[in-house]
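K.L.:
In UniProt numbering, the protein residues as written are 1 to 479.
Even for Gly, the Cβ is constructed at its ideal location relative to N, Cα and C.
For clarity, every value in this text was computed on a predicted model and none was experimentally measured.
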Ligand SMILES: Cc1cc2nc3c(=O)[nH]c(=O)nc-3n(C[C@H](O)[C@H](O)[C@H](O)COP(=O)(O)OP(=O)(O)OC[C@H]3O[C@@H](n4cnc5c(N)ncnc54)[C@H](O)[C@@H]3O)c2cc1C
């Protein structure tokens, strides 16, 4: 067993309502601002905005000498935000420009992380991409990437930035898209503001800690917990692995009542998929404890995650005990909605998601600063899908069509998730796993093995991640 490491407290994954406390006013000049655009601005007729009655179309333009574009601000450049930008940019009238803001210097293809957390060497396979003007937009684009930069406050028709853009900390907008995603317990996603070096170091540390553990407890049997269990089992077949999960089967096979305006509830998952994964894991010797939870408050253990330094009795709510010296916390995502909590907590669901209607418009009281010009997509919103990359991309594309229609004075088509949103593939290492497809009137059927094998090659990084980058700079893809 390796040396003890500082343990990370294992906190329950209830959404945070804590307001952002970032008040930094760094004067770092924006590189995006320094590249001049030669685009000619055309004049819009008022009728072009006939349907956008709640949007302020007469913004107070700031700065001297800047083109008077109507800004479409996008917060978050991962799957949802970037998919939206790609779908909107080419048809957007010259009167508008997109400003895409991302706080981390890079984004990553999350599906690969389950292997990069476990298998040495996978952290340095390219599954990340820098967020920059020349990776996102073609040459001479009037649209702008601000990265690394953060939005620190949402106001009616303007946002506040951490670092200046065009000489201002404040950006006025016509529409603002919140695509701030979710945070998972460390080390599953990069911490806010993490550099690439920090992220790589975190992955290597986790690989090393898991390597030195004798018995791994995985708290939470959702897709990330299951896939990490599969990777550990394949890499270290003699290591003991136990999954503790609250539901009657792995994933989420029981019906929890359905999504509402007030509470986000994910659709239930296929019981065929749960059964197939449980069977394979059991055959590989992985222990699965269902209908139970790790008791975070009980015992001398103290609720820590990571390498514990010694074999420890971890109490479960049922009174059972699991002995482990490494705890992997995969208790789910927490929506990154603190900006909205700060601006208007009533625009959140009871479990912390941003409440949106079927055009992704934030639902808030008429006098709320969130009313009218704010939209939310992806993992941060209560839109009616699982919180997956597939759904986030579909929502980005759908919102682009909605906003395009609104700008042109047409009636937008409300969004409804397509049938493909209910397909699902969960890997167990490089040689196992299961997939289901949703067929109309029949329901879920097990998918052929080539679908699992296809995902296992590169976790669909080429198709779903690298294909999003349309800038002039070539990004080295998954190697
Ligand atoms: C380990 C793992 C494996 C997964 N596997 C799969 C899979 O196999 N298939 C699948 O479909 N889905 C998978 N998912 C889910 C998928 O990755 C997410 O659903 C998807 O990333 C959601 O995209 P998003 O753009 O909504 O949010 P995110 O990807 O969370 O991105 C949000 C972005 O917003 C930025 N941001 C946040 N706040 C601010 C701010 N104030 N200012 C500026 N920027 C900000 C963040 O830095 C981040 O880049 C997986 C997730 C994880 C963690």
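(1) Do you know offhand how far residue 469's Cα is from residue 458's?
(2) What separation, rounded to the nearest whole angstrom, lies between the Cα atoms of residue 40 and residue 94?
(3) Which residues in the same chain have their Cβ closer than 8 Å to the Cβ of residue 20, if we skip the five residues on either side of it in sequence?
(4) Alpha carbons only, please: which of 199, 269, 114 and 170 is nearest the one belonging to residue 146?
(5) What are the start and end residues of the beta strand (DSSP E) that includes residue 341?
(6) Report yes if the C-beta of residue 289 is less than 6 Å from at least one heavy atom of ligand 1; otherwise report no.
(7) Taking Cβ to Cβ, would you say residue 277 is nearer than 7 Å to residue 434?
(8) For the stretch 275 to 312, list the alpha helix (DSSP H) runs that are entirely contained and at least 4 residues long, ordered along the chain.
(9) Please state if the CB of residue 96 and the CB of residue 515 are separated by a distance shorter than 7 Å.
(10) Say whether the stretch 282 to 301 touches the stretch 237 to 246, bearing in mind that this needs 3 or more beta-carbon pairs closer than 8 Å, one atom from each stretch.
(11) CB of residue 343 to nearest heavy atom of ligand 1: below 6 Å?
(12) Output the distance between the C-alpha atoms of residue 216 and residue 199, rounded to the nearest integer angstrom.
(13) Quick check on the DSSP output: the beta strand (DSSP E) that includes residue 481 runs from which residue to which?
(14) Out of 91, 83, 101 and 87, point me to the one whose CA is closest to residue 73's CA.
(15) Which runs of the beta strand (DSSP E), 3 residues or longer, sit entirely within the stretch 387 to 430?
(16) Measure the beta-carbon distance from residue 302 to residue 326 and round it to whole angstroms, keeping in mind my assumption that it falls under 8 Å.
(17) Flag residue 219 as yes when its Cβ comes closer than 6 Å to any non-hydrogen atom of ligand 1, and as no otherwise.
(18) Apply the 10 Å Cβ neighbour rule to residue 179 and answer buried if 16 or more other Cβ atoms are within range, or exposed otherwise.
(19) To test your reading of the DSSP string, which unbroken beta strand (DSSP E) runs of 3 or more residues are found completely within the stretch 95 to 123?
(20) Determine the DSSP secondary structure at residue 432, reduced to helix, strand or coil.
(21) Beta strand (DSSP E) containing residue 453: first to last residue?
(22) Can you pull the DSSP bridge partners for residue 236?
(23) Quick one: Cα of residue 293 to Cα of residue 465, how far?
(24) When every heavy atom of ligand 1 is checked, does at least one fall within less than 6 Å of the C-beta of residue 225?
(25) For residue 461, I'd like the list of residues in its chain whose CB is within less than 8 Å of its CB, leaving aside the five on either flank, ordered along the chain.
(26) Looking only at its own chain, which residues have a Cβ that is under 6 Å from the Cβ of residue 221, when we skip the five neighbours before and after it?
(27) Cβ of residue 193 versus every heavy atom of ligand 1: is any distance shorter than 6 Å?
(28) Going by the beta-carbon positions, is the gap between residue 396 and residue 80 smaller than 7 Å?
(29) When we look at the beta-carbon of residue 360 and count the other beta-carbons within 10 Å, is it buried (16 or more) or exposed?
(30) What does the alpha-carbon distance come out to for the pair residue 400 and residue 456?
(31) Could you check where the alpha helix (DSSP H) with residue 219 kicks off and where it finishes?
(32) Tell me the DSSP secondary structure of residue 226 in three-state form.
(33) Between the Cα of residue 448 and the Cα atoms of 426, 467, 388 and 411, which residue gives the shortest distance?
(34) Kindly indicate the opening and closing residues of the alpha helix (DSSP H) around residue 163.
(35) Based on the DSSP secondary-structure assignment, which residues constitute the bridge partners of residue 483?
(36) Return helix, strand or coil for residue 268, following the three-state DSSP convention.
P.N.:
A quick look at the data gives this:
(1) Position 469 of the chain shown holds residue 469. Position 458 of the chain shown holds residue 458. If I take the Cα positions, the gap works out to 17 Å.
(2) As a first step, residue 40 is located in the chain shown; it is residue number 40 there, counting from the start. As a first step, residue 94 is located in the chain shown; it is residue number 94 there, counting from the start. Because the pLDDT at residue 40 is just 31, under 50, the model does not fix this residue reliably, and the value given afterwards should be weighed accordingly. Cα-Cα distance, rounded: 7 Å.
(3) For the purposes of this step, residue 20 is identified with residue 20 of the chain shown, where counting begins at 1. Reliability fails at residue 20, whose pLDDT of 34 lies under 50, so the model's placement of it is uncertain and no value is given.
(4) Working through the chain shown from its first residue, we reach residue 146 at position 146. The candidate whose alpha carbon is nearest that of residue 146 is 170.
(5) Taking the first residue of the chain shown as position 1, residue 341 is located at position 341. Careful: residue 341 lies outside any beta strand (DSSP E), inside the alpha helix (DSSP H) at 338 to 343.
(6) The residue given as residue 289 occupies position 289 in the chain shown. No - ligand 1 has no heavy atom lying nearer than 6 Å to the Cβ of residue 289.
(7) Along the chain shown, one-based indexing puts residue 277 at 277. Along the chain shown, one-based indexing puts residue 434 at 434. In this structure, residue 434 lies closer than 7 Å to residue 277 by Cβ.
(8) none
(9) Since the first residue of the chain shown is 1 and the last is 479, residue 515 is not available in this structure.
(10) yes
(11) Within the chain shown, the letter at position 343 stands for residue 343. Outside the cutoff, so no.
(12) The sequence position of residue 216 within the chain shown is 216, counting from 1. The sequence position of residue 199 within the chain shown is 199, counting from 1. Distance between the alpha carbons of residue 216 and residue 199: 22 Å.
(13) Nothing in the structure corresponds to residue 481, since the chain is present only between 1 and 479.
(14) Your numbering for residue 73 matches position 73 in the chain shown. It is 101.
(15) 424 to 428
(16) Here residue 302 is taken as the residue at index 302 of the chain shown, counted from 1. Here residue 326 is taken as the residue at index 326 of the chain shown, counted from 1. Going by Cβ atoms, the distance from residue 302 to residue 326 rounds to 15 Å, so no, they are not a contact pair.
(17) By one-based count along the chain shown, residue 219 stands at place 219. Not so, every heavy atom of ligand 1 lies at least 6 Å from the Cβ.
(18) Position 179 of the chain shown, counting from 1, holds the residue named residue 179. Counting Cβ neighbours within 10 Å, residue 179 comes out buried, since at least 16 surround it.
(19) 96 to 101 and 106 to 108
(20) Translated into the one-based positions of the chain shown, residue 432 becomes position 432. Three-state DSSP puts residue 432 in a strand.
(21) Here residue 453 refers to the residue found at position 453 of the chain shown. First-last for residue 453: 449 to 458, but that is the alpha helix (DSSP H), not the beta strand (DSSP E).
(22) As a first step, residue 236 is located in the chain shown; it is residue number 236 there, counting from the start. Per DSSP, none; premise fails for residue 236.
(23) Position 293 of the chain shown, counting from 1, holds the residue named residue 293. Position 465 of the chain shown, counting from 1, holds the residue named residue 465. About 34 Å.
(24) Numbered from 1 along the chain shown, position 225 holds the residue referred to as residue 225. No, ligand 1 has no heavy atom inside 6 Å of this Cβ.
(25) Locating residue 461 in the chain shown gives position 461, counting from the first residue. Once the five neighbours on either side are set aside, the close Cβ partners of residue 461 are 109, 111, 112, 127, 477 and 478.
(26) For the purposes of this step, residue 221 is taken as residue 221 along the chain shown, with counting starting at 1. If we look at residue 221 and ignore the five residues flanking it on each side, its Cβ neighbours are 243, 245 and 250.
(27) Locating residue 193 in the chain shown gives position 193, where the first residue counts as 1. Residue 193: no, Cβ never under 6 Å from ligand 1.
(28) Mapped onto the chain shown, residue 396 falls at position 396. Mapped onto the chain shown, residue 80 falls at position 80. Yes; because the gap between Cβ atoms is below 7 Å, this pair is in contact.
(29) Residue mapping note: residue 360 aligns to position 360 of the chain shown, counting from 1. Buried, because 16 or more other Cβ atoms sit within 10 Å of the Cβ of residue 360.
(30) Start at 1 with the first residue of the chain shown, and residue 400 comes out as number 400. Start at 1 with the first residue of the chain shown, and residue 456 comes out as number 456. Taking the straight line joining both Cα atoms gives about 31 Å.
(31) Along the chain shown, read from residue 1 onward, the residue named residue 219 stands at position 219. Run containing residue 219: none in the alpha helix (DSSP H); it sits in the beta strand (DSSP E), 215 to 219.
(32) Stepping through the chain shown from its first residue, residue 226 is reached at position 226. Helix at residue 226.
(33) Here the question's residue 448 lines up with position 448 in the chain shown. It is 426 whose Cα lies nearest to the Cα of residue 448.
(34) Within the chain shown, numbered from 1, the residue matching residue 163 stands at position 163. Premise fails: residue 163 lies in the beta strand (DSSP E), 158 to 165, not in any alpha helix (DSSP H).
(35) The displayed coordinates of the chain run from 1 to 479. Any statement about residue 483 would go beyond what the structure contains.
(36) Position 268 of the chain shown holds residue 268. Residue 268: coil per DSSP, three-state reduction.
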